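Peer 1:
Numbering (our numbering), first residue to last: 5 to 101.
1) Measuring alpha carbon to alpha carbon, tell me which of 29, 65, 25 and 44 ends up nearest residue 74.
2) How far does the beta strand (DSSP E) with residue 58 in it extend, from its first residue to its last?
3) So, for residue 61: in the same chain, excluding its five sequence neighbours on each side, which residues have a beta-carbon less than 6 Å away from its beta-carbon?
4) When the distance is taken between beta carbons, is residue 8 closer than 9 Å to residue 55?
5) Please list the terminal residues of the continuous beta strand (DSSP E) segment that includes residue 83.
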């Protein structure tokens, strides 16, 4: 059984994601095995909001180099959650704008 805290790892705080909050779209880093219905249920459970739709993106690993050693960043999954028009906003993102 998956818990909501295991599905939603952390919010993604970037300029683009902060601009999307005006349209009630919130960006989260989620578990790689999470499905769209699981993500929607987890957001509704954690924040007490109504989810309209969920879009997911698999972020690929990128090459990184530190002096002479090379490696890659970790691959991860990003979810953009859109709330319904009558839903309240997520309070965590309110102080960020």
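Note that the Cβ used here is the ideal one computed from N, Cα and C, for glycine as well. It should be emphasised that the depicted structure is a prediction, and the values quoted were computed from it without experimental measurement.
Peer 2: Judging by the given coordinates:
1) 65
2) 55–63
3) 82
4) no
5) 80–87
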